[in-house]
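First up is the structure itself, then whatever we jot down about it.
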Amino acid sequence: QTQTFSFMSVIDTIIWSNQSKKTIIIKKNESWIKFTTHKILFERLVNNLIENAIKYTSNNKIVITIDKSFFEVENEIDFIPNEEQMNNIFEPFFKFDTSRNTKWYWLWLSIVQRIIEIFNWNITASVQNNIFKIRVYFK
């Protein structure tokens, strides 16, 4: 069901529901970015990105950037994925094997990718200097 809603109201609800002890910094270029789209899918998309940044950050800080044309979530990670891992990051059940015997399962990114396809948007993932970024481009 399509609805019109404020992006910040979705962000605020998600941050509040996660009750995180992490530092969450929100950078926004517009105070009232509104969307008219399927709100439940949009909430799932945003929640998956924020929740997993909270779960996997290595320095307890998440940065969320909101703009008219994109939404980005970034967090520091304690390892650097190789090219093959980055190329497969949107595959269901893809996992990173880290040197600390930790396995990160990325089912959530395949769900995000599917929602992106439904909305006909684009998504990128990158790592630079241990900063993991996921950016969603709105069309």
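Residue numbers (this note's numbering): 169 to 307. Where is the CB? At the ideal position from N, CA and C, for every residue including glycine.
Residue from the options whose Cα sits closest to the Cα of residue i
i, options, result
"Lys-190", "Asn-228, Phe-173, Phe-203", "Asn-228"
"Arg-303", "Ser-278, Phe-239, Ile-222", "Phe-239"
"Glu-198", "Glu-251, Glu-211, Phe-175", "Phe-175"
"Leu-213", "Trp-276, Asp-235, Asn-288, Asn-298", "Trp-276"
"Ile-218", "Asn-288, Phe-173, Ile-234", "Ile-234"
"Asn-297", "Lys-195, Ser-188, Ser-226", "Ser-226"
Residues near residue i by beta carbon distance below 8 Å, same chain, minus five either side
i, result
"Val-295", "Ile-245, Ile-248, Pro-249, Met-254, Lys-301"
"Ile-291", "Phe-258, Val-280, Gln-281, Ile-284, Ile-302, Arg-303, Val-304, Tyr-305"
Cβ-based neighbour list, residue i, same chain, cut-off 6 Å, excluding 5 preceding and 5 following
i, result
"Ile-193", "Val-231"
Same chain, Cβ closer than 7 Å to residue i, neighbours up to 5 away in sequence not counted
i, result
"Ser-278", "Phe-258, Glu-259, Pro-260"
"Ile-299", "Glu-242, Glu-244"
"Asn-287", "Note that residue 287 corresponds to Phe in the displayed sequence, not to Asn. Excluding sequence neighbours, Phe-287 sits near Thr-205."
Residue i and residue j closer than 8 Å at C-beta
i, j, result
"Ile-201", "Lys-236", "yes"
"Val-178", "Glu-211", "yes"
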